[in-house]
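Here's the structure, in structure tokens; my notes come after.
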Ligand code: NAD
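In the numbering used here, the protein residues as written are 85 to 328.
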């Protein structure tokens with residue numbers, strides 16, 4: 085039986101690393117990417133290979149840059165032919181007043197969070213279309229649904245991901261390819277390392293579930309989406325403990 089393969093972008097840590105572990109534990113071959121933390125990602129890939137016997141390709145590069153995405157897919161095509169599942173997880177956040185947001189920061193957030201989804205999805209699709217199966221899972225944010233004060237670029241970038249998810253799902257449904265997004269609330273990763281203990285407690289108090297989500301919970305959901313019928317498509321699923 086053919087072994088499935090998945091590409092997980094931004095997999096050196098946090099949600100991406102947890103998703104990589106979940107897919108590896110299910111016997112999937114993986115391609116993992118990150119932008120800076122090559123050593124960390126390679127250590128993860130080595131551990132997943134040793135624990136689960138799966139092949140783990142690693143690629144360091146900027147998923148918002150077309151040349152890097154092409155190089156990454158060049159390696160994937162060579163080793164796996166293509167991927168059955170694409171998890172667009174790479175992302176960054178920027179916090180600050182809108183009036184103090186530079187064009188450079190705006191473009192950096194949009195390129196990393198939205199353009200990467202366009203570039204990786206476009207590159208992954210020829211293989212999926214040929215197979216008439218596949219799943220694209222975009223790791224988005226509740227701020228893409230409702231907007232957050234002082235996170236305008238981030239909210240806009242995730243809003244774009246949500247709209248792209250719904251539009252692309254319609255375009256690909258006839259080809260049995262699912263496109264869904266997980267709109268995360270507050271997940272306990274380094275992305276939230278900027279909060280003090282006091283701020284964390286205050287934020288957790290606003291969440292009906294009374295706590296941050298864990299990266300493993302996002303990974304469970306991503307994996308279950310990958311295993312669903314493609315009839316489940318175009319959904320923006322909030323994973324936020326009832327927060328928003
Ligand atoms: P993180 O900062 O812990 O990890 C981000 C990962 O993305 C890293 O592996 C990093 O190398 C990679 N990355 C960043 N820019 C990249 C680029 N240009 N090209 C390739 N890789 C790049 O973040 P996280 O909390 O694990 O977040 C993962 C995803 O979940 C992001 O898209 C984020 O917006 C989303 N999200 C997170 C939260 C949260 O509370 N942590 C909430 C909502 C949504």
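Where a beta carbon is used, it is the ideal one built from N, C-alpha and C, also for glycine.
Please classify residue i: is it buried, with 16 or more other beta-carbons within 10 angstroms of its beta-carbon, or exposed?
| i | result |
| --- | --- |
| residue 315 | exposed |
| residue 181 | exposed |
| residue 234 | exposed |
| residue 258 | exposed |
| residue 204 | buried |
| residue 222 | buried |
| residue 179 | exposed |
| residue 111 | exposed |
| residue 249 | buried |
| residue 305 | buried |
| residue 113 | buried |
| residue 158 | exposed |
| residue 191 | exposed |
| residue 230 | exposed |
| residue 86 | exposed |
| residue 127 | exposed |
What do you reckon, are the CB atoms on residue i and residue j nearer than 9 Å?
| i | j | result |
| --- | --- | --- |
| residue 119 | residue 144 | yes |
| residue 173 | residue 99 | yes |
| residue 89 | residue 115 | yes |
| residue 324 | residue 171 | no |
| residue 236 | residue 187 | no |
| residue 216 | residue 163 | no |
From the DSSP secondary-structure annotation, give me the bridge partner or partners of residue i.
| i | result |
| --- | --- |
| residue 167 | None; residue 167 has no bridge partner. |
| residue 309 | Bridge partners of residue 309: none, in fact. |
| residue 328 | Paired residue(s): none; residue 328 is not in a bridge. |
| residue 267 | 224 and 322 |
| residue 172 | 222 |
| residue 113 | 89 |
| residue 199 | Paired residue(s): none; residue 199 is not in a bridge. |
| residue 118 | 144 |
Just checking residue i against the ligand NAD - is the residue's beta carbon closer than 8 Å to any of the ligand's heavy atoms?
| i | result |
| --- | --- |
| residue 221 | no |
| residue 234 | no |
| residue 194 | no |
| residue 247 | no |
| residue 142 | no |
| residue 154 | no |
| residue 99 | yes |
| residue 274 | yes |
| residue 167 | no |
| residue 138 | no |
| residue 119 | yes |
| residue 186 | no |
| residue 226 | yes |
| residue 93 | yes |
| residue 270 | yes |
| residue 173 | yes |
| residue 250 | no |
| residue 177 | yes |
| residue 307 | no |
| residue 238 | yes |
Below 8 Å on the Cβ atoms is my contact criterion, and I expect residue i with residue j to pass it. Report the Cβ-Cβ distance as a whole number of Å.
| i | j | result |
| --- | --- | --- |
| residue 176 | residue 199 | Not really, about 12 Å apart at Cβ, beyond 8 Å. |
| residue 228 | residue 263 | Actually they do not touch by this definition, with Cβ atoms about 15 Å apart. |
| residue 300 | residue 102 | 5 Å |
| residue 296 | residue 272 | 4 Å |
| residue 340 | residue 326 | An answer regarding residue 340 cannot be provided, because it is not within the stretch 85 to 328 covered by the chain. |
| residue 125 | residue 142 | 5 Å |
| residue 241 | residue 194 | 5 Å |
| residue 208 | residue 266 | Contact flag wrong, Cβ pair sits at about 17 Å. |
| residue 245 | residue 201 | 5 Å |
Does chain C have any CB closer than 9 Å to the CB of residue i?
| i | result |
| --- | --- |
| residue 305 | Absent from the structure is chain C; it holds one protein chain and no more. |
Between residue i and the ligand NAP, is there a pair consisting of the residue's CB and a ligand heavy atom that are separated by less than 8 Å?
| i | result |
| --- | --- |
| residue 145 | Among the ligands modelled here, namely the ligand NAD, the ligand NAP does not occur. |
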